[in-house]
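A.B. asks: The opening residue of the sequence shown carries number 2 in this note's numbering; numbering runs sequentially from there.
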Amino acid sequence: MQLIKEIEIAYFRSFYKFKLRNLGDLNVIFGKNDSGKSNLIRALSLFFSGNPDHTQAYDFVTDFCDQRLRESDNSDDIRKFLYVKITFNTPKTFQRSLGSSFYVKRQWTVSRGKEYLEEVSSTIPDSKRHILTRLMNKIRFIHIPAIKDLSIFEMLLTNIYETLANAPDFEAAVENFSTEVQNLTSTMFSTLPTEVSGKTKIGVPTQMRYLFETLDFETIAPGDDKPKSLTRQRGDGIKARHIPELLNYISEHDEFDFHIWGFEEPENSLDFVAAQAEAERFLSLAKGSKVQVFMTTHSPSFYLLKDERLASYYVSKNNKGLSVALQGRELEQFDVQTAVNEGFYLPAVAEALQNLAAIEARANLAEANAVDLKDELLAIATPVILTEGRTDAAILITAWEKLRGGAPPFRIRSCETGVANAGSGNGGAQSLAVCLKGVASDHPHAVIGLFDYDEAGIKEHKLNKNFVVQNIGGASVNKGIHGKSYAALLPIPVFRAECGDHKNLPIEFLFRDEHLATEVGGSQLTLKSKQAFANVGGKAYKFDLDDVTHLKDIGSGKTEFANTVVPSLPSNAFDGFAAVFDLLEAIIEFENDT
């Protein structure tokens, strides 16, 4: 549910002027400790309930922004006030009277105590204000703090009581309970003189909410012989997993039509797998028709969730100690280095986990592909040159034709599998390394892996302990101890010495810049500048490096470049490939001589 569209906060705690736009069903606010994340939840609590949270009463001195206080102390023209302004998406049943959206602004001043001044959209006439009030009375806000102790369950049980109190079945159950107690204790006061009491009995409780606070939940986990107390015998992680379900029950059964949850750090006490499951559960609940969720978190399980109905906000403090938020397009440009520079390392860990998962997935795919490729290599009667990708193989084939002419004394083959138009998703240095490791010891001819001279290629071409370094043709080549597999790096042409220094030489860079820029029929290779990061004055900056090839990456157009542009280039454009073929022929000669 997307009831709240926008939140604006002024002069509340760490917020000077703060705004969150384009809110979603589930709104994830992340950042390091003491960045001001929880103050957003407390601002919502102040707006809806009059207090920052259910245990702390509103106090202007405590809740007023320090920066604004200093300004007001130094100037008589600056008034002491704070406000929370919320813009709502109007529910359909109210749109005829209130329009498609409206705002409510509640402002507190130093002189009015807990009383606030309320301002609403000017488009709502006074005659419709009662309709606005009726809608606001249909909204319930519940705050779950970061520390989820017994008092939280007592509060939720009280809310459950309020939810059940007016239900006929509940009233009947209470009456039956009272009757049974009276029957069991009917003789308790039978000896009292009539002048003391004509008939004394145990009556229906009048303060059931206090009884509900003392209730507990019984849980039976797999392997348990008997129920255990949720709040007193279960771990914190199990208790935490129950809270969204209690909230959901309240939301589905109470008298309110709309519910806002302010949930702090739902990942507390949860392991990684449980946090992942909890994140998905919150998202599914928020995508319902009655609940909108605002949560603070440090967990990548939550802030890496992807869904069109989810909104994420990165909150940090500027050099004045005021909370600011990255959102929308700014957040799309948010990077790991920015967070690390601000002392927030979890995004870096999350990115590492994502990269590790991707690497493992590629490795598993490469292992499967290598099995298929092994049979194909056995059927080839000449030495095989394996490249990282199909476009690399296409360029090499064209380069041989341009430089040497005729058929090469080897077969040029990509380590990618599948149909010819499958793309380059299952290639790369890692896949090439897996293929070379899988070459059998009795393979009939040499299999030479040609790696790009970049960080990935340099790392992967070393392979493992079953490969040793051999000096072949003036280059260091890794040769399989038990077979005929070899791993070589692209030789570095003199005109690309800086690419070698920066470990940034894909096969395309064996062409000079003027050839890389060639366009044929609208087909052209694009390069993109690498980026650097810096921290200046506590702020993180990201900027493009110099406009030189050795500081660039391949952008788009690889396939078009290999299949359309490269064949159109003159023979002298391929001089950077001469050393490549010399090296490959030297390796084949070395193999034949051993």
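For each residue, glycine too, the CB sits at the ideal point set by N, CA and C.
Remember, predicted model here, so these are calculated numbers, not experimental data.
For F283, which of R310, D258, S270 and D272 has the nearest alpha-carbon?
C.D. replies: R310
A.B. asks: May I ask you to report which of helix, strand or coil DSSP gives G458?
C.D. replies: When DSSP states are grouped into helix, strand and coil, G458 belongs to the helix group.
A.B. asks: Just mark S324 as buried or exposed, buried being the case when its beta carbon has 16 or more other beta carbons within 10 Å.
C.D. replies: buried
A.B. asks: What is the DSSP secondary structure of K403, counted as helix, strand or coil?
C.D. replies: Looking at K403 - three-state DSSP - the assignment turns out to be helix.
A.B. asks: Run through DSSP, which three-state label would L491 get?
C.D. replies: The answer is coil: DSSP assigns L491 none of H, G, I, E or B.
A.B. asks: Taking C-beta to C-beta, are K106 and E120 nearer than 7 Å?
C.D. replies: yes
A.B. asks: Take the Cβ of K438 as the centre, count every other Cβ of all protein chains shown within 10 Å, and call the residue buried at 16 or more, exposed below.
C.D. replies: buried
A.B. asks: Excluding the 5 residues flanking T388 on each side, which residues of the same chain have their C-beta closer than 6 Å to its C-beta?
C.D. replies: Counting only residues of its own chain and dropping the five nearest sequence neighbours on each side, T388 has a CB closer than 6 Å to the CB of A394, S415 and L451.
A.B. asks: Check whether the stretch 511 to 531 touches the stretch 452 to 472, taking contact to mean three or more Cβ pairs, one atom from each stretch, closer than 8 Å.
C.D. replies: no
A.B. asks: Going along the chain, which residues of its own chain have a beta-carbon closer than 7 Å to the beta-carbon of L506, five neighbours each way excluded?
C.D. replies: D453, Y454, D455, L491, I493, R497 and C500
A.B. asks: Ignore the nearest five residues each way along the sequence and tell me which others in G556's own chain have a CB closer than 7 Å to its CB.
C.D. replies: T527, L528 and K529
A.B. asks: Among residues of its own chain, excluding the 5 on either side of K318, which ones have a beta-carbon nearer than 8 Å to its beta-carbon?
C.D. replies: S15, D35, S36, G37, S324 and V325
A.B. asks: Taking DSSP as the reference, what is the three-state secondary structure of A421?
C.D. replies: Low confidence applies to A421: its pLDDT is 45, below 50, so where it sits in the model is not reliable enough to give any reading.
A.B. asks: In chain order, what residues of the same chain have a beta carbon less than 7 Å from the beta carbon of Q293, not counting five sequence neighbours either side?
C.D. replies: M2, Q3, L4, I5, D26, I261 and A287
A.B. asks: With 16 as the cutoff for other CB atoms within 10 Å, does L354 come out buried or exposed?
C.D. replies: In this predicted model, L354 has a pLDDT of only 45, less than 50, meaning its place in the structure is not dependable enough to derive any value.
A.B. asks: Since E281 is in the alpha helix (DSSP H), which residue starts that stretch and which ends it?
C.D. replies: Segment F273 to A287, the alpha helix (DSSP H) holding E281.
A.B. asks: In the DSSP assignment, find the alpha helix (DSSP H) that holds A44 and state where it starts and stops.
C.D. replies: K38 to S50
A.B. asks: Buried or exposed for Y542, please, with buried defined as at least 16 other CB atoms from any protein chain shown within 10 angstroms of its CB.
C.D. replies: Of the other Cβ atoms in all chains shown, fewer than 16 fall within 10 Å of the Cβ of Y542; this residue is therefore exposed.
A.B. asks: For T595, count neighbouring Cβ atoms within 10 angstroms of its own Cβ and tell me buried if that reaches 16, exposed if not.
C.D. replies: exposed
A.B. asks: To the nearest angstrom, report how far apart P571 and G481 are at their CA atoms.
C.D. replies: 37 Å
A.B. asks: Mind checking which residues open and close the beta strand (DSSP E) that includes D554?
C.D. replies: Start and end: K553 to I555.
A.B. asks: According to the neighbour-count rule (16 or more other Cβ atoms, all chains shown, within 10 Å of its Cβ), is R43 buried or exposed?
C.D. replies: R43 comes out buried.
A.B. asks: Quickly, what does DSSP pair V469 with across the bridge? List them, please.
C.D. replies: K480
A.B. asks: To the nearest angstrom, report how far apart F534 and K553 are at their CA atoms.
C.D. replies: 15 Å
A.B. asks: Output needed for A147: all residues of its chain with C-beta closer than 8 Å, excluding positions within five of it in sequence on either side, in chain order.
C.D. replies: Within the same chain, S39, E265, E266, N269 and T297 come within 8 Å of A147 by CB-CB distance, once the 5 residues on both sides are set aside.
A.B. asks: How is Q293 classed by DSSP in three states: helix, strand or coil?
C.D. replies: strand
A.B. asks: For A518, does the three-state DSSP call read helix, strand or coil?
C.D. replies: coil
A.B. asks: Is it true that the CB of L47 sits closer than 7 Å to the CB of G263?
C.D. replies: no
A.B. asks: By how many angstroms is the C-alpha of G523 removed from the C-alpha of V470?
C.D. replies: 44 Å
A.B. asks: So what's V111 in DSSP terms, helix, strand or just coil?
C.D. replies: coil
A.B. asks: Just to confirm the assignment, what range does the alpha helix (DSSP H) spanning K18 have?
C.D. replies: No alpha helix (DSSP H) contains K18, which is instead part of the beta strand (DSSP E) from K18 to L21.
A.B. asks: Can you tell me the Cα-Cα spacing of N23 and N573, whole angstroms?
C.D. replies: Inter-residue distance for N23 and N573 is about 56 Å (C-alpha atoms, whole angstroms).
A.B. asks: Report yes if the CB atom of A400 is closer than 7 Å to the CB atom of I589, and no otherwise.
C.D. replies: Inclusion of A400 and I589 in the CB contact set at 7 Å is not warranted, their separation being larger than that value.
A.B. asks: By the three-class DSSP mapping on this structure, what secondary structure does F1 have?
C.D. replies: An answer regarding residue 1 cannot be provided, because it is not within the stretch 2 to 595 covered by the chain.
A.B. asks: DSSP state of L118, grouped into three classes?
C.D. replies: strand
A.B. asks: Only counting the same chain, and skipping five residues up and downstream in sequence, which positions put a Cβ closer than 7 Å to that of N249?
C.D. replies: L286
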